[in-house]
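Undergrad: The structure under discussion is supplied below as structure tokens; questions concerning it will follow.
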Amino acid sequence: MGKIGAWVVSVVALLMVSLSSLAYSQDEPRDWLPEVFPEADAVGEAVEGVEAVTVLRDGEPAGYVFETNDIAPIPAYSGHPVNMRVGLDLEGRITGVQVLEHSEPIMLVGIPESVLDDFVAQYHGKTVQQKVRVGLSRKQREGVERVDAVSGATVTVVVMGEGIMRSARRVARHVGILSGGGITEHARVRDDLFEEASWSELREQGVIGNLYLTRGEVDDAFEGTEAEDVDPVPEGAEDETFIDLYFAYLNVPTIGRNLLGERQYDDLMEALGEDEHALAIMADGRYSFKGSGFVRGGIYDRILIHHEGRADQFHDSDMRRLWGIEADGAPTLPERDIFILREASRFDPGKPWELELLVRRQVGALDTEFASFSSEVQVPERFLDVPEPAADAMADEENAPLWVSVWEDRVLHITVLGAGLGVLTAILLFQDWLVRRPRLLHVLRYGFLIYTVVFIGWYALAQLSVVNILTFTNALFTDFQWSTFLMDPMMFILWSFVAVTLLLWGRGVFCGWLCPFGAMQELISAVARKLKVPQLSVPFMLHERLWALKYIILLGLFAVSLQSLGQAERYAEVEPFKTAVLLKFQREWGFVLYAGLLLAISAFNHKFYCRYVCPLGAGLAIPARIRLFDWLRRHKECGKPCQICAHECEIGAIHPDGRINPNECHYCLDCQVTYYDDRKCPPMVVQRKKREKASRLSSKAADEQRIPVTEMAE
């Protein structure tokens, strides 16, 4: 089984490498200048103060080229931003966009990559002064430029569009294309000003926005699209109300207190954090602005808030109930809620803001068309303290490290990961206490493995890879910058933790507890054993020679990386991590077959991939040889003659002579459970019997010396 399995894996790995060369990649060296800036003929100097380079035409500056992740990284559904290269001429016109990198599973299967190229091509010729919206209806083109969306990937392309325009505007402001290079401080609400006002008075002051649509207007918006004949309006119903939607900014006392009433307003203001803002959205009609398909943890994908070139959507945690509208004369609005703009949105109440409503129609099993309608509102200046422009504010913001904002955006992920690593640290430190309680240890272990697969792997997408080792090694010999590695907080924290545990416990902490793919194999193996699936064991002589295979793979990848890191990353597809963890098996059939085969083998041979193929495990085993402590206890009888632990070690890390090979141990602690088991471990059994014998002798002696009570009475 060992030889056959290794041969099969090697063949399939070569197939994966061949397939990976066909996969979409922008890592290949290419002449990108004609694509993003056709009129330029050379690349000039970098622009001071912003991550952009000057491009030249006939030796003279013609514009700028930059990457969106360097200027405005906006996480998409995958949790990672889509990185694009953008060209901008001296008049603020976008000359071209090139997609460089993305981690969106939806764009890797089912939707061809050419669709992304077609989408970004629509931005050619757009200027930084324009409002550009994804999927706006033809009726609303006045003052707004429309680009077509991609059916089935609406959120992804909206994020991409925002990334293009936001980064282009920031560069334009910095180099002086847009007037007012500095950013003013945000306006502040005047808490001391309150005026009683009815609904109609608030409407007259313009502080309550309104978007009223009839069924006929919505039907007209889909004219000329695939959804034109979907859900048509019955004859005579064109003037019926489709939606009558109202929205308002609640932080201003005159607006919020009149609409919500005293108690509801005070409760809301107490719940808001610093620099958080509350918006009321209320509606009546046949169309819901929230949607019936919303699920917990999702996004309210029918409404967007636009402000200062930004677009924000709301998650379920951003919504509060609006229990009633207290303003005199308010209409009956059955659907009403309060939505919170968090500090990260950087909302300025002194600037106009716009609510955009998306109306969707299903045109196929997976495809949708949508039309967009919007309305704008602005808080009157008398309700605000508007500061003077701060000329240096923008420069200060642009000079701040980008990784700081990334860490701020992922506070919840970091907190949950930190808690998990804290639990694991406690398990490792108090292992001697836990192994004496095997039931508790097994509950903790399998619970942690599930946490590793679900949270670390599928949710946080923090699967470590041999590619990280190759990248880090390459950076040491080139231009090493901590900021590069800090851009992904989950990976940085995990690698830091693994580095510490390598010194204290060895490679087994990661391989046995923190690797999502390894955890998948172990859980599958546990289920297979419960179902009494026959296990195929490998003779120890062959087993210890197969260990070398993963080191050979690691050396091969390292040799390739010295010539081309990009090529090494493609050969690193020998790791099934991307398929099974990052893309959750949503990939081409060859990759899925390879990952599935390895998982299936683990049902018959415990963690086959980890033991014989994994180059990451090999890469961690090398520095782990300098570990400072040996925490795993052994008896002098281990291996001589006792072989219980060696036979029971599922990973096969215990030699017949009783030695534990730290290069192969996955630190499952099963051998330590046996070490303290005085019903199983022969030395412990002997000690238990001695204690029991001594206890019996002591009890017998005490009985003989005890004076009967009757004798004492006499």
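Just so we're on the same page, our numbering is the position in the sequence shown counted from 1, plus 50. Note that beta-carbon positions come from the ideal geometry of N, C-alpha and C, so glycine has one too.
(1) For PHE505, which residues of its own chain have a beta-carbon under 8 Å away from its beta-carbon, when the five flanking residues on both sides are left out?
(2) Can you tell me which residues form a DSSP beta bridge with VAL409?
(3) Measuring straight from C-alpha to C-alpha, what distance separates GLY646 and SER614?
(4) Tell me which residue opens and which closes the alpha helix (DSSP H) that ASP753 is part of.
(5) How would you label ALA744, buried or exposed, when you count the other beta carbons within 10 angstroms and need 16 or more for buried?
(6) According to the neighbour-count rule (16 or more other Cβ atoms, all chains shown, within 10 Å of its Cβ), is ASP707 buried or exposed?
(7) According to DSSP, is LYS600 part of a helix, a strand, or is it coil?
(8) Once the 5 residues before and after ARG240 are set aside, which same chain residues still bring their CB inside 7 Å of it?
(9) ILE144 and ALA218 - do their beta-carbons sit closer together than 8 Å?
(10) Compute the Euclidean distance between the alpha carbons of VAL280 and GLU426, then round it to the nearest angstrom.
(11) I need the boundaries of the beta strand (DSSP E) containing GLN148, first residue and last residue.
(12) Can you tell me the Cα-Cα spacing of LEU479 and THR551, whole angstroms?
(13) Specify, as a first and last residue, the run of the beta strand (DSSP E) that ILE293 falls within.
(14) Between the C-alpha atoms of THR418 and VAL170, what's the straight-line distance to the nearest angstrom?
(15) From TYR642 to LYS634, what does the alpha carbon distance come to, in whole angstroms?
(16) Hey, could you find the ends of the alpha helix (DSSP H) LEU140 is sitting in?
(17) Just how far apart, CA to CA, sit CYS688 and GLN636?
(18) To the nearest angstrom, report how far apart ARG838 and LEU554 are at their CA atoms.
(19) When the distance is taken between beta carbons, is VAL105 closer than 8 Å to ALA90?
(20) Apart from the five residues on each side of it in sequence, which residues of its chain come closer than 8 Å, Cβ to Cβ, to TRP82?
(21) Can you tell me which of SER367, GLY341, LEU372 puts its alpha carbon nearest to the alpha carbon of MET332?
(22) On the DSSP bridge assignment, give the partners of MET134 in chain order.
(23) I need the boundaries of the alpha helix (DSSP H) containing LEU484, first residue and last residue.
(24) Could you check where the beta strand (DSSP E) with ILE651 kicks off and where it finishes?
(25) In its own chain, which residues sit with a C-beta less than 7 Å from the C-beta of ARG410, not counting the 5 before and 5 after it?
(26) Measure the beta-carbon distance from ARG557 to GLY702 and round it to whole angstroms, keeping in mind my assumption that it falls under 8 Å.
(27) What residues in its chain sit with their C-beta under 7 Å from that of VAL631, if we drop five residues either side in the sequence?
(28) Hey, ILE355 and TRP403 are a contact pair by Cβ (cut 8 Å); roughly how many whole angstroms apart?
(29) Taking the DSSP output, what are the residues bridged to ARG371?
(30) Would you report the Cα separation of MET570 and TRP483, rounded to the nearest angstrom?
(31) Starting from ASN119, follow the alpha helix (DSSP H) in both directions and report where the run begins and ends.
(32) Could you have a look at THR382 and say whether DSSP puts it in helix, strand or coil?
(33) Under three-state DSSP, which class holds THR521?
TA: According to the structure data:
(1) Excluding positions up to five away in sequence, the list reads VAL466, LEU467, GLY470.
(2) ALA421
(3) Between the C-alpha atoms of GLY646 and SER614 there is a straight-line separation of about 29 Å.
(4) 732 to 755
(5) exposed
(6) exposed
(7) helix
(8) Result list for ARG240: PHE433, LEU434, ASP435, in chain order.
(9) yes
(10) Straight-line Cα distance between these residues: approximately 29 Å.
(11) Membership of GLN148 in the beta strand (DSSP E) is indicated by the continuous run 144 to 151.
(12) 11 Å
(13) 291 to 299
(14) 19 Å
(15) Sequence check: residue 642 is Val here, not Tyr. Computed Cα separation, rounded: 9 Å.
(16) First-last for LEU140: undefined, no H or E at that position.
(17) 47 Å
(18) With the chain covering 51 to 764 only, the question about residue 838 has no answer from this structure.
(19) yes
(20) ARG135, GLN148
(21) Of the listed residues, the one whose Cα sits closest to MET332 is LEU372.
(22) VAL149
(23) Unbroken alpha helix (DSSP H) run through LEU484: 481 to 484.
(24) First-last for ILE651: 639 to 652, but that is the alpha helix (DSSP H), not the beta strand (DSSP E).
(25) THR418, PHE420
(26) Contact flag wrong, Cβ pair sits at about 15 Å.
(27) GLY507, TRP508, GLN513, PRO566, PHE567
(28) 6 Å
(29) DSSP, once it has assigned bridges, lists ASP387 as partnering ARG371.
(30) 27 Å
(31) 118 to 121
(32) coil
(33) helix
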